[in-house]
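Contents: one structure, followed by commentary.
This is how it looks when you write it as structure tokens:
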């Protein structure tokens, strides 16, 4: 077996044949089995009533209130290559998407639906990057490569008190052997309210084992006027205590910008600032991402990542800020992973408008 996992094709590898088998799960083929798509009979009802079986009969599902729906249950070995989802915005923070690898009881991915696709604050906006693309109007796409050996289960929990209709989805994967050194994909969401006494948001802590950090998304709600992004992003690697091994020079610098972004937004293949929202009657909101695809951060034992909330006092001294910061971190590691913190209740995830 090869020691290197060839994942999604690029232009150089695309012409070469392979024994892999492609499958795709959707509402029209909920098991992904071969020749199992478009089998629902309209029975003379709905938009396909005059067309009959084999046409567009069941393109979406309804997420029942206060229930968890399994949207994919896959037998491996395989690699999830692409996920597409679209749904009403009210699902973005009210619905939780979870991934379970190889029969584990605790999820390796546990994130509000919108935030997983870099759409924070319960808002919809476009993202144009390599692993995540959000296209008009609210077409969520993930190209994070997710290998697994035995099984993969993806669930969506609707914590809204009402049903959410019109949940469209497609999960495409390839059946293939997985080499021993292939790690599992993880993602974790956290939210905190910083303070003048402690102007720091912990994006992740307690990661144990060997792996590499793959990306950051932040939904930042600003509670004061002026510049908000002077704080540093810090990576505490393999036993670091008071001082990190990797320390950036400022928030806008970490996300690839400079000089307070000069009031501009941008969305590029590996980093971006796609959201700056300052509407009348609302506090300013920001959305930022940084994908460590070309520069993964390796760790062998443990990892902690933080960001500071700093602005400026009028006399040119750093001002600790009270801001609302929510983040998603993405990484690969060996299993088992450390248990995630208890996931916040719905009312603790309400976006600030």
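Numbering (our numbering), first residue to last: 334 to 686. For each residue, glycine too, the CB sits at the ideal point set by N, CA and C.
Item: Taking 8 angstroms as the threshold, find out whether the segment 633–648 comes into contact with the segment 515–525 through three or more Cβ pairs.; Value: no
Item: Quick one: measure Cβ to Cβ for residue 630 and residue 534, integer angstroms, because I've assumed they're closer than 8 angstroms.; Value: Residue 630 to residue 534, Cβ: 18 angstroms. No contact.
Item: Grab me the residues of residue 492's own chain with a C-beta within less than 6 angstroms of its C-beta, minus the 5 sequence neighbours each way, in chain order.; Value: 427, 679
Item: Does the Cβ-Cβ distance between residue 576 and residue 590 come in under 7 angstroms?; Value: no
Item: Cα separation between residue 476 and residue 650?; Value: 42 angstroms
Item: Tell me whether the beta-carbon of residue 365 lies closer than 7 angstroms to the beta-carbon of residue 356.; Value: yes
Item: Which one or two residues does DSSP pair with residue 362 in a beta bridge?; Value: 359
Item: Given residue 505, which residues of its chain have a CB within under 6 angstroms of its CB, disregarding the five upstream and five downstream residues?; Value: 357, 414, 415
Item: Check each candidate in 479, 452, 456 and name the one with the smallest Cα separation from residue 466.; Value: 452
Item: Residue ranges of each alpha helix (DSSP H) run of no fewer than 4 residues wholly in the segment 548–578, ordered along the chain?; Value: none
Item: Give me the residue from 456, 553, 417, 670 with the minimum Cα distance to residue 503.; Value: 417
Item: The alpha helix (DSSP H) spanning residue 584 covers which residue range?; Value: 584–587
Item: With burial defined as no fewer than 16 other Cβ atoms inside 10 Å of the residue's Cβ, what is the status of residue 334: buried or exposed?; Value: With a pLDDT of only 40 at residue 334, under 50, the local geometry of the prediction cannot be trusted, and the value read off the model is given with reservation. Residue 334 is exposed by the Cβ-count criterion.
Item: The alpha helix (DSSP H) that contains residue 449, what's its start and end?; Value: 446–449
Item: Hey, how far is the Cα of residue 472 from the Cα of residue 547?; Value: 22 angstroms
Item: Reducing DSSP to helix, strand and coil, say where residue 374 ends up.; Value: coil
Item: Would you mind reading off the limits of the beta strand (DSSP E) that contains residue 524?; Value: 517–526
Item: Roughly how many whole angstroms lie between the Cα atoms of residue 361 and residue 390?; Value: 8 angstroms
Item: Do you know whose CA, among 379, 632, 406, lies nearest residue 363's CA?; Value: 406
Item: Run through DSSP, which three-state label would residue 692 get?; Value: Nothing in the structure corresponds to residue 692, since the chain is present only between 334 and 686.
Item: With distances taken between CB atoms, is the gap from residue 463 to residue 444 smaller than 7 angstroms?; Value: no
Item: Judging by CA-CA distance, which residue of 578, 670, 659, 612 is the nearest neighbour of residue 549?; Value: 659
Item: Kindly give me the distance between the Cβ atoms of residue 557 and residue 654, rounded to whole angstroms, as I take these residues to be in contact under 8 angstroms.; Value: 6 angstroms
Item: By the three-class DSSP mapping on this structure, what secondary structure does residue 592 have?; Value: helix
Item: Would you report the Cα separation of residue 597 and residue 560, rounded to the nearest angstrom?; Value: 13 angstroms
Item: Using C-beta distances below 6 angstroms, list every residue in its chain close to residue 567, excluding the 5 sequence neighbours before and after it, in chain order.; Value: 577, 580, 639
Item: What residue range is occupied by the uninterrupted alpha helix (DSSP H) comprising residue 679?; Value: Counting along the chain, residue 679 falls outside any alpha helix (DSSP H), and DSSP gives it neither H nor E.
Item: Looking at the unbroken beta strand (DSSP E) that takes in residue 663, where does it start and where does it end?; Value: 657–666
Item: Taking the alpha-carbon positions, what's the residue 497 to residue 401 distance?; Value: 12 angstroms
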